[in-house]
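The numbering of the sequence shown is the working numbering, which starts it at 2 and goes up by one.
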Amino acid sequence: MTKACLVPSFATLLQDFFVERLMQQRAVSPETISSYRDSFRLFLQFASDRLGRCPTDLKMSDMDAPLILAFLRHLEVERRNSTRTRNVRLAALRSFLKYAAHRDVASLAVIQRALSVPMKRCDKPMVGFLSREEIQQLLTAPDPDTWSGQRDRVLLATMYNTGARVSEMLALRISDVVLGTSPFVHIVGKGRKERTVPLWRSTARLIKGWLPQIQDASSQRLFPNRSGNAMTRSNVADRMRIAVTRAKDQCPQLAKRRVSPHLVRHATAMHLLQSGVDLSVIALWLGHESPSTTHCYMEADLTMKQRALSRIQPPEVKNRRYRPPDRILQFLESL
């Protein structure tokens, strides 16, 4: 057996990367698999067109820095992808290259040069969120006299209460909800990280009233579609558009907003922050791996910045000693 026979092909490496590394070793979420899959579909089609070979016949030596840079330019110029999307695609390629470096030592030089392709800096957009009035109108918009409307009311209320991602909401099962003295919901988030989020009594009552309406409880889905199967992201987006259409009569400003499940999640975080909840608690509530991820909500809240500004004076104004707004705090300040 020759040495060349021991070197896995590009196609074998890519299959092993998905099955062994991502699914078995790292046990990544289905969403991550889908994202990586889509990235490689685009890359393989581009490489095949550029090199004139079918994807199965590609070699690791083909996956060099010039090809990757050309692919990234293709994404931004021809497909009009954002910088963030470009970086997501590159992250998938880099993850595969790092895996391949341990399996195909002969291609190590090519892989190292390919790994040197940098991520692109991009502007961080200001976090948008819905006001309390907008949220209230959205939550009460679905028609409670229809089966779909009842489900949508519970779905939106639970989404706002928990701040859950849409994928987390769609994965919820009936057994994940505990409606006792202190109701809560058990959520499995990104990276299979689990968290428990408390429920308001009003949310718990809505869920309790909804459970008998689930037509096919055997699926155990908390939010099924008419067929008893799990709703999809597009289902939720469609139902949310219907709710916005119904709500805009009472809240016209909603018509100017691009309302999405993630905007509701932002609203949860901002309203917790405005209520004085610590950032570290909000990070746990939302399932953020690091509180630094949650810091963007602090940046977005102009009201909190204005309150902070009111405690200092412009340079031309004579400084005054800060006086705590509470009597007991004033006492402590005097010690």
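For every residue, glycine included, the Cβ atom is placed at its ideal position computed from N, Cα and C. Since we're looking at a predicted model, the values are computed, not measured.
query                                                                                           : result
Same chain, Cβ closer than 8 Å to Arg202, neighbours up to 5 away in sequence not counted       : Pro184
contact_flag[the region 63-72, the region 93-111] where n(CB pairs < 8 Å) is 3 or more          : yes
Length of the line joining the Cα atoms of Ile313 and Gln251                                    : Legend: pLDDT at Ile313 = 47, less than 50; position of this residue unreliable, no value from coordinates given.
According to DSSP, residues forming a beta bridge with Thr197                                   : His187
Minimum C-alpha distance to Met241 - residue among Tyr161, Thr86, Tyr37 and Met120              : Tyr161
Buried/exposed call for Pro253, threshold 16 Cβ in 10 Å                                         : exposed
Cβ-based neighbour list, Ala175, same chain, cut-off 6 Å, excluding 5 preceding and 5 following : The sequence shown places Ile at residue 175, rather than the Ala named in the question. If we look at Ile175 and ignore the five residues flanking it on each side, its Cβ neighbours are Gln221 and Leu223.
Per-residue DSSP class, three states only, for Ala142                                           : coil
Secondary structure of Ile20, DSSP reduced to three states                                      : Note on identity: in this sequence residue 20 is Val, with Ile being the wrong assignment. Val20: helix per DSSP, three-state reduction.
Ala92 - containing alpha helix (DSSP H), residue span                                           : Thr84 to Arg104
Per-residue DSSP class, three states only, for Pro56                                            : helix
Which listed residue (Arg258, Leu157 and Ala28) has its alpha carbon closest to that of Trp211  : Leu157
Option nearest Gln214 by Cα separation, candidates Arg154, Leu68 and Ala142                     : Arg154
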